[in-house]
Structures are given as C-alpha cells and as structure tokens.
Amino acid sequence: MLTETESGQQAAEHAAEQYDPGVSILHHVLDANEIEVPFFPHVKIPLPQIHLPDWLGGYDISITKHVVMMWLACAILLLAFGAASRRRSQPVPTGLRNLLEVIMVYLRDEVARKAIPEGADRFVGYLMTTFFFILTCNLLGLVPGAATATGNISVTAGLALIAFIVIQFSGIREYGVIQHFKNLVPHGLPLWLVPIMFALELLSTFIKPFALCIRLFANMMAGHVVILAFISLIFILNQVWYAVAPLSVAFALFVYVLEILVSFLQAYIFTMLTAQFIGMSVHPAH
Amino acid sequence: MDPSALAFLGAGLGAGLAIIGGGAGIGRLAASAMEGIARQPQSAATIQTAMLIAAALIEGVTFLALVICFLLSLK
Numbered sequence: 001m002l003t004e005t006e007s008g009q010q011a012a013e014h015a016a017e018q019y020d021p022g023v024s025i026l027h028h029v030l031d032a033n034e035i036e037v038p039f040f041p042h043v044k045i046p047l048p049q050i051h052l053p054d055w056l057g058g059y060d061i062s063i064t065k066h067v068v069m070m071w072l073a074c075a076i077l078l079l080a081f082g083a084a085s086r087r088r089s090q091p092v093p094t095g096l097r098n099l100l101e102v103i104m105v106y107l108r109d110e111v112a113r114k115a116i117p118e119g120a121d122r123f124v125g126y127l128m129t130t131f132f133f134i135l136t137c138n139l140l141g142l143v144p145g146a147a148t149a150t151g152n153i154s155v156t157a158g159l160a161l162i163a164f165i166v167i168q169f170s171g172i173r174e175y176g177v178i179q180h181f182k183n184l185v186p187h188g189l190p191l192w193l194v195p196i197m198f199a200l201e202l203l204s205t206f207i208k209p210f211a212l213c214i215r216l217f218a219n220m221m222a223g224h225v226v227i228l229a230f231i232s233l234i235f236i237l238n239q240v241w242y243a244v245a246p247l248s249v250a251f252a253l254f255v256y257v258l259e260i261l262v263s264f265l266q267a268y269i270f271t272m273l274t275a276q277f278i279g280m281s282v283h284p285a286h
Numbered sequence: 287m288d289p290s291a292l293a294f295l296g297a298g299l300g301a302g303l304a305i306i307g308g309g310a311g312i313g314r315l316a317a318s319a320m321e322g323i324a325r326q327p328q329s330a331a332t333i334q335t336a337m338l339i340a341a342a343l344i345e346g347v348t349f350l351a352l353v354i355c356f357l358l359s360l361k
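Protein chains in written order, with the numbering used here: chain A, 1 to 286; chain B, 287 to 361.
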C-alpha cells in the first residue's frame with residue numbers, strides 16, 4: 001500500500017522487508033486456517049481442513065480460527081450460566097447469578113415484552129441466546145491473541161439468517177402463509193398503492209436481516225481495523241517511533257475502550273431489532 | 287488514469303463523504319438530545335438511552351461505507 005518511507009536509502013536497503021500496513025491489518029482481521037500462539041510468533045497450530053467431496057457440494061467446512069472462537073464463546077457461556085444456576089433454588093440471587101439475572105430481566109421486560117405485545121415469552125430464549133452469544137464473541141475479540149468471530153461476515157450472515165427464519169416462521173405460525181404476507185400491507189390503502197407497498201414491504205423483509213448482518217459485521221471489523229491502523233502507524237513512521245508510539249498507543253487505547261462499549265451496544269441493537277421485527281411479524285400494527 | 291490510482295482516489299473521497307453524512311446525522315441527533323435533556327432534566331436517562339441506540343444505528347450505515355472504502359484501498 002504505502003511504498004515511500006522517510007528516507008530513500010532505507011527503502012533501498014529494506015526493499016524486500018517493506019512494512020505493508022494493509023497486509024498486516026488484514027492478516028489480523030481475516031479468518032485463517034491456523035491459530036497463532038501469543039508470545040511465540042511463528043508458532044502456529046494448524047487446524048483441521050475439511051473439504052466436502054464434490055457430490056456433497058464441495059464446500060469448505062474447515063475448522064478455522066473464527067470457528068474455534070465461536071466454540072470458545074459457547075463454552076464460556078455454558079460454564080457461566082451453568083455456574084450461575086447451581087443454586088437456583090435460592091430465592092435471592094447472589095454473585096454471578098445476580099449479574100446475569102439483571103441482564104436477563106432487562107432483556108425480557110424492556111426488550112422482548114415491549115416489542116412483542118403478546119406471547120413474548122416463547123421468543124425470550126432465542127433473544128437471550130442471541131444477545132449473550134454476540135456479546136461474548138465481541139468481547140473475546142478484544143482479548144489480545146484472540147479473534148473476533150462476529151467480525152467475519154459469514155458468522156453475522158448466519159445469525160441474520162436465523163433471525164430471518166424466526167421472524168418469518170413466527171408470523172406464518174400465527175397467521176398462516178397467505179395471511180402473513182397479506183399482513184405486510186396495511187389496511188385501508190387506496191387500491192393503486194397496494195402493489196407498490198407490497199413490493200416495498202417484501203423487499204424490506206429481506207433487507208432488514210441483511211442490515212442486521214452488515215451492521216454487526218462492519219462495526220466489529222471497523223473497530224479492530226482502527227486499532228490496528230493506529231498501532232501500525234508506529235511501524236510506518238518508524239524513523240520517529242519514539243514520538244509516534246505514545247500518541248499511537250493512547251489513541252489505540254481510547255478506541256479499545258470505545259470498542260467495549262460498541263460490543264455491548266451492537267449485541268443489544270441486534271437483539272432489540274430482532275425483537276422489534278418479531279413483534280411486527282406476530283402483531284402487525286395495522 | 288491507472289485503475290489502482292482511481293481506486294485509492296475513490297476510497298479517500300468515499301470515506302470523507304461517508305463521514306460527512308454520518309457526522310452530520312449524529313450531530314443533529316446529539317443536538318436534539320441535548321435540547322430534550324435541557325428542557326426536562328428528569329428524563330435524561332431515557333433520552334440518553336434512545337440517543338445511544340439511534341447513534342449506533344446511524345453509525346452502522348457509516349461503517350458499512352467505510353468498510354467498502356477500506357476494501358477499495360486494498361485493490
């Protein structure tokens with residue numbers, strides 16, 4: 001990307017080892033088929049590569065770094081909630097159970113029950129799973145040495161696909177297939193407006209989960225790219241690294257803390273919007 | 287012009303324009319939130335929550351544009 005350095009002779013000497021910030025940043029953000037061990041650079045643990053045979057479609061379902069991060073998030077959630085529910089017979093929650101219950105009660109009362117007027121409790125399990133899974137994946141990505149699974153568009157696409165399925169199935173189960181699509185268009189519209197409204201609403205049923213996917217992916221990837229860009233500034237301006245490093249680390253630290261807020265916020269936004277869409281599907285306002 | 291030069295140019299201009307849109311939108315949002323809090327200090331918590339949610343949604347779109355620009359700059 002950048003091909004000029006401070007002094008030309010440095011470039012001539014180190015032309016072969018020119019630091020390319022684009023390659024370096026992408027290397028940290030993209031998925032890989034091996035896990036790098038922190039503190040021991042160049043030690044890489046190769047992960048199993050699984051390619052389906054052609055008669056099954058030839059898909060690549062290797063275990064990659066992001067898949068391992070997702071499994072780690074699942075393990076953390078199982079451990080945390082398992083530990084929290086060990087004394088669930090006691091009426092007064094304490095410790096970890098108290099913390100998780102505060103978040104869960106908030107999600108149930110303020111997000112699910114507000115968005116889905118009736119029968120919200122059947123969706124609370126799915127909504128809480130979504131929230132805690134996205135939150136854990138986001139926070140895991142902030143740990144140095146780990147990767148952000150939700151910074152991979154395939155992961156967020158999977159989450160958005162499941163949201164799409166839940167939204168459509170909930171509406172179809174409530175009203176039947178034909179009435180569910182008729183619910184897209186409000187009552188009492190002039191007849192010439194109905195085709196346009198129907199086309200627009202049909203398009204928006206696909207665009208809303210797509211926006212969920214892109215929003216989560218872009219927020220997670222962009223945050224990490226900004227942090228990595230600040231750090232790589234030190235290497236780009238390595239002639240005066242002693243001046244650049246304190247500022248660069250300070251800015252990177254600021255963005256790091258902001259990323260913690262963004263992790264929580266994006267998990268909450270994904271869950272809240274999914275709840276809103278389910279509510280609109282199960283209880284159309286018109 | 288060299289196509290990769292055009293890609294860099296597009297990336298830079300696109301990022302700038304995306305930030306203008308996002309910054310202006312969130313700035314207006316923050317101004318309304320400030321005014322609302324100034325009128326009714328007791329509703330500050332509600333307004334702040336709503337402001338954060340709206341800001342996250344607007345930022346989502348801005349980040350999408352930024353990611354596209356970043357991908358362009360790597361071509």
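The beta-carbon is built from N, C-alpha and C at its ideal position, and this holds for glycine as well. As the structure is a prediction and not an experimental result, all values here were calculated from the model.
Self-check item: E259(A) (DSSP reduced to helix, strand or coil)
Solution: E259(A) sits in a helix when the DSSP states are folded into three classes.
Quiz item: First and last residue of the alpha helix (DSSP H) that includes E36(A)?
Solution: Not the alpha helix (DSSP H): E36(A) falls in the beta strand (DSSP E), residues 34–36.
Practice problem: Use the C-beta contact count for R88(A): other C-beta atoms within 10 angstroms, 16 or more gives buried, fewer gives exposed. | Solution: exposed
Quiz prompt | Under 8 Å by beta carbon: chain B residues contacting Q276(A) | solution = Correct list: empty, because the minimum Cβ distance to chain B is about 11 Å.
Quiz item: With 16 as the cutoff for other CB atoms within 10 Å, does K44(A) come out buried or exposed?
Solution: exposed
Quiz item: Quick one: what does DSSP say V353(B) is sitting in, helix, strand or coil?
Solution: helix
Quiz prompt | Spatial distance of W241(A) from N33(A) (CA atoms) | solution = 33 Å
Exercise. Using alpha carbons as the reference points, say which of A115(A), F39(A), D31(A), L56(A) lies closest to P46(A).
Key: D31(A)
Quiz item: What separation, rounded to the nearest whole angstrom, lies between the Cα atoms of F133(A) and P93(A)?
Solution: Cα to Cα, the separation comes out at about 22 Å.
Quiz item: Among residues of its own chain, excluding the 5 on either side of V324(A), which ones have a beta-carbon nearer than 8 Å to its beta-carbon?
Solution: Lying outside 1 to 286, the shown extent of chain A, residue 324(A) is not represented and no answer is given.
Quiz item: With C-beta atoms as the reference, is A341(B) less than 8 Å away from L315(B)?
Solution: At a Cβ-Cβ threshold of 8 Å, A341(B) and L315(B) count as neighbours.
Self-check item: L292(B) (DSSP reduced to helix, strand or coil)
Solution: helix
Quiz item: In chain order, what residues of the region 332–348 of chain B put their CB closer than 8 Å to some CB of chain A?
Solution: Those residues of the region 332–348 of chain B that come within reach of chain A (Cβ to Cβ, closer than 8 Å) are L338, I339, A342, L343, E345, G346, V347.
Practice problem: Give the interface partners of A327(A) over in chain B, defined as CB-CB distance under 7 Å, in chain order. | Solution: Examination of residue 327(A) is not possible in this model, given that chain A is present from 1 through 286 alone.
Quiz item: Does DSSP put D109(A) in a helix, a strand or coil?
Solution: helix
Quiz item: Touch check for the region 175–192 of chain A and the region 104–123 of chain A: three-plus C-beta pairs under 8 Å?
Solution: no
Quiz item: Are three or more beta carbon pairs between the region 137–154 of chain A and the region 62–72 of chain A nearer than 8 Å?
Solution: yes
Self-check item: Sub-8 Å separation of T271(A) and L107(A) beta-carbons
Solution: yes
Self-check item: Residue interval of the beta strand (DSSP E) (run including I61(A))
Solution: From DSSP, I61(A) is part of no beta strand (DSSP E); its letter is neither H nor E.
Quiz item: Which chain B residues are close to I269(A), counting only those with a beta carbon under 9 Å from its beta carbon?
Solution: One finds I339, A342, L343, G346 in chain B with Cβ atoms closer than 9 Å to the Cβ of I269(A), taken in chain order.
Quiz item: Using a C-beta cutoff of 8 Å, does L407(B) count as contacting chain A?
Solution: The structure shown has nothing for residue 407(B), since chain B only spans 287 to 361.
Exercise. Report the neighbours of A218(A) on chain B: residues whose CB is nearer than 8 Å to its CB, in chain order.
Key: G346, F349, L350, L352, V353
Exercise. Please decide whether L265(A) counts as near chain B, where near means a Cβ-Cβ distance under 8 Å.
Key: yes
Quiz item: Sorted by chain position, which residues of the same chain lie with C-beta nearer than 7 Å to A267(A)'s C-beta, five sequence neighbours on each side aside?
Solution: F131, I134, L135, N138
Quiz item: Out of curiosity, what's the CA-to-CA distance linking L261(A) and L72(A)?
Solution: 21 Å
Practice problem: Let me know if R97(A) comes out buried or exposed under the rule of 16 or more other beta-carbons within 10 Å of its beta-carbon. | Solution: buried
Quiz item: Could one say the Cβ of A15(A) lies closer than 8 Å to chain B's Cβ atoms, at least one of them?
Solution: Annotation note: pLDDT 47 at A15(A) (below 50); position unreliable, coordinate value reported separately. False, the Cβ-Cβ gap to chain B never drops below 8 Å.
Quiz item: Less than 8 Å separating the beta-carbons of L77(A) and S263(A)?
Solution: no
Quiz item: What distance in whole Å lies between the Cβ atoms of Y19(A) and F251(A), which are believed to be in contact at a cut-off of 8 Å?
Solution: About 19 Å separates the two Cβ atoms, so there is no contact after all.
Exercise. Answer yes if the region 302–318 of chain B comes into contact with the region 342–357 of chain B, meaning at least three C-beta pairs across the two stretches below 8 Å, and no otherwise.
Key: The region 302–318 of chain B and the region 342–357 of chain B touch, with three or more beta-carbon pairs separated by less than 8 Å.
Quiz item: Can you give the Cα-Cα distance for F356(B) and V102(A), rounded to whole angstroms?
Solution: 39 Å
Exercise. Report buried or exposed for K182(A), applying the criterion of at least 16 other Cβ atoms within 10 angstroms of its Cβ.
Key: exposed
Quiz item: Are there 16 or more other CB atoms within 10 angstroms of the CB of M287(B), so buried, or fewer, so exposed?
Solution: Answer is exposed; the Cβ neighbour count stays below 16.
Self-check item: Short CB-CB distance (under 8 Å) between V105(A) and chain B
Solution: no
Practice problem: Pull out every residue of the region 224–242 of chain A whose Cβ sits closer than 7 Å to any Cβ of chain C, in chain order. | Solution: Reference to chain C is not applicable here, since the protein chains of this structure are A and B.
Practice problem: With a 10 Å radius around its C-beta and 16 neighbouring C-beta atoms as the bar for buried, classify E321(B) as buried or exposed. | Solution: exposed
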